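All you need for my numbering is the position in the sequence shown, starting with 1, plus 610.
Think of the CB as a built atom: it goes at the ideal place given N, C-alpha and C, for glycine as much as any other residue.
Just so it is clear, the structure is predicted and the values come from calculations on it, not from any experiment.
One structure is given here, and the rest of the page talks about it.
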Amino acid sequence: MSDWVTDGIASIRPYQPGTPIAEVVRRFGLDPARDVVKLASNENPLGPSPLAIDAARQALSGVHRYPDSAAADLSAAIARKFTTTTDAVVVGNGSNELLELIVRTFCTPQHHAVFGEPSFVVYPLACLAQGVPFTAVPLRDWKHDLPAMAAAVTERTRIVFVANPNNPTGTHVGEAELVGFLRDLPDGVIVVLDEAYAEYASAPDYRSGADLRALHPHLITLRTFSKIYGLAGFRVGYALMAESLAAYVHRVRAPFNVGSVAQAAALAALGDEPHLRRSREMNLAERGFLSQGLTGLGLTVVPSEANFVLVNIHRDAEPVYQALLRHGVIVRALGNLPQCLRISVGTRPENERCLSALATVLG
Ligand SMILES: *Cc1c(COP(=O)(O)O)cnc(C)c1O
Numbered sequence: 611m612s613d614w615v616t617d618g619i620a621s622i623r624p625y626q627p628g629t630p631i632a633e634v635v636r637r638f639g640l641d642p643a644r645d646v647v648k649l650a651s652n653e654n655p656l657g658p659s660p661l662a663i664d665a666a667r668q669a670l671s672g673v674h675r676y677p678d679s680a681a682a683d684l685s686a687a688i689a690r691k692f693t694t695t696t697d698a699v700v701v702g703n704g705s706n707e708l709l710e711l712i713v714r715t716f717c718t719p720q721h722h723a724v725f726g727e728p729s730f731v732v733y734p735l736a737c738l739a740q741g742v743p744f745t746a747v748p749l750r751d752w753k754h755d756l757p758a759m760a761a762a763v764t765e766r767t768r769i770v771f772v773a774n775p776n777n778p779t780g781t782h783v784g785e786a787e788l789v790g791f792l793r794d795l796p797d798g799v800i801v802v803l804d805e806a807y808a809e810y811a812s813a814p815d816y817r818s819g820a821d822l823r824a825l826h827p828h829l830i831t832l833r834t835f836s837k838i839y840g841l842a843g844f845r846v847g848y849a850l851m852a853e854s855l856a857a858y859v860h861r862v863r864a865p866f867n868v869g870s871v872a873q874a875a876a877l878a879a880l881g882d883e884p885h886l887r888r889s890r891e892m893n894l895a896e897r898g899f900l901s902q903g904l905t906g907l908g909l910t911v912v913p914s915e916a917n918f919v920l921v922n923i924h925r926d927a928e929p930v931y932q933a934l935l936r937h938g939v940i941v942r943a944l945g946n947l948p949q950c951l952r953i954s955v956g957t958r959p960e961n962e963r964c965l966s967a968l969a970t971v972l973g
């Protein structure tokens, strides 16, 4: 196809991030402090932990030194939190880097990957970049269809990605279903449970991969500091896996992949339980408020365990997304779900702004 890149790379449609506040300010002449509400990237509307900001400030005077390449203090704190060993932890430049690293470390074009559709767009991106063929298995009732995903596994399948809760639907797969899935998969298949929103999940049958390690030898649990920890700008994520797997990922990982200021902030954030609790409780209350408001506008909300909701607006979503931008409300339109918007849960004033702008736009 191209002289320069593989067919896989040539076929990649670049990742579309949430529209930045600065762009909306520039395009529509709005006041960033007063007029713009960003509910597009599932960030923590309460911001980072104050302890994380302090730690980052203190770390600044040391930025002439390279960071600790092993992220030893942070890895040790994560290992303690999950009752595992430091050697079972890999820290990455966001969990995004870890997803790519895992594919690069363990998959070749002779292998095969399985994931849900729609789910996190980075899974196909990482596979296409490495020439790894994949099967995208449609969701069922907005949820991962684990039996269909298991049925899509062949002798070549090296990796299965399950976002739990899923993005962009916010749905989760419950413990019983997940346990059966993990038990039945061949040992040679790596299962990546991407738990970017785990801390928000409140369903009684939600269970983290961190608690299911005994069920499958090649289970990788991915977490991030970008969502509930409010550190998206610092780019820190982590993965829990068997030490034998982690040793391979460390060989492929670039040295110094996470900066020193980011490591310090993440370590402090991990210890700020009250901030975590406040964030979780506010999200739970506001997710209900936002969902009710959207339902009140005649829209269909997919029940969510995350810090965003997927809403079916029963008409072409792109013009509604554009009209909301002009009102200073940034949400997410989704190419593969043309009648849906994904809206992050904000503070009460932000959610009210979003609902009133939507009411105006929808007429
Ligand atoms: C936001 C998100 C991530 C986290 O990305 P980072 O690179 O850690 O910022 C990972 N997986 C899913 C499903 C997400 O929605």
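Report task. Could you have a look at F692 and say whether DSSP puts it in helix, strand or coil? Result -> coil
Query raised in the report: Taking 8 Å as the cut-off, is the CB of L709 close to at least one heavy atom of ligand 1?
Result: yes
Query raised in the report: By Cβ distance, which residues of its chain are closer than 6 Å to A687, with the 5 residues on each side in sequence left out?
Result: L877 and L880
Report task. Can you check DSSP and say which residues form a bridge with G847? Result -> G702 and T834
Query raised in the report: Is the segment 706-721 close to the segment 754-773, with three or more CB pairs under 8 Å?
Result: Contact between the segment 706-721 and the segment 754-773 is present, because at least three Cβ pairs lie under 8 Å.
Query raised in the report: By Cβ distance below 7 Å, which residues in the same chain neighbour F791 in space, the five residues on each side in sequence not counted?
Result: L756 and A760
Report task. Below 8 Å CB to CB, which residues in the same chain sit around V732 once its five sequence neighbours on both sides are set aside? Result -> Y625, N706, L709 and E710
Query raised in the report: Straight-line CA distance for H782 to G869?
Result: Between H782 and G869, the C-alpha separation is close to 32 Å.
Query raised in the report: How would you label R623, buried or exposed, when you count the other beta carbons within 10 angstroms and need 16 or more for buried?
Result: exposed
Query - Range covered by the beta strand (DSSP E) that runs through Q949 - result: L947 to S954
Query raised in the report: For ligand 1, any of its heavy atoms closer than 8 Å to the Cβ of L832?
Result: Yes.
Query raised in the report: So does A933 have its beta carbon nearer than 8 Å to some heavy atom of ligand 1?
Result: No - ligand 1 has no heavy atom lying nearer than 8 Å to the Cβ of A933.
Report task. Please go through the same chain and pick out, in chain order, the residues whose beta-carbon is closer than 6 Å to the beta-carbon of S612, but skip the five residues on each side of it. Result -> Shown here for S612: same chain residues with a beta carbon closer than 6 Å to its own, the five before and five after excluded, namely A620 in chain order.
Query raised in the report: Using CA coordinates, which residue listed in E960, R936, F835 and H924 is at the minimum distance from L951?
Result: Residue H924 is the option with its Cα nearest to L951.
Query raised in the report: For L935, which beta-bridge partners are listed by DSSP?
Result: DSSP output for L935 lists no bridge partner at all.
**Report entry** Contact belief for Y676 with F835 at Cβ below 8 Å, rounded distance in angstroms
**Finding:** Actually they are not in contact, since the Cβ atoms of Y676 and F835 sit about 20 Å apart, beyond 8 Å.
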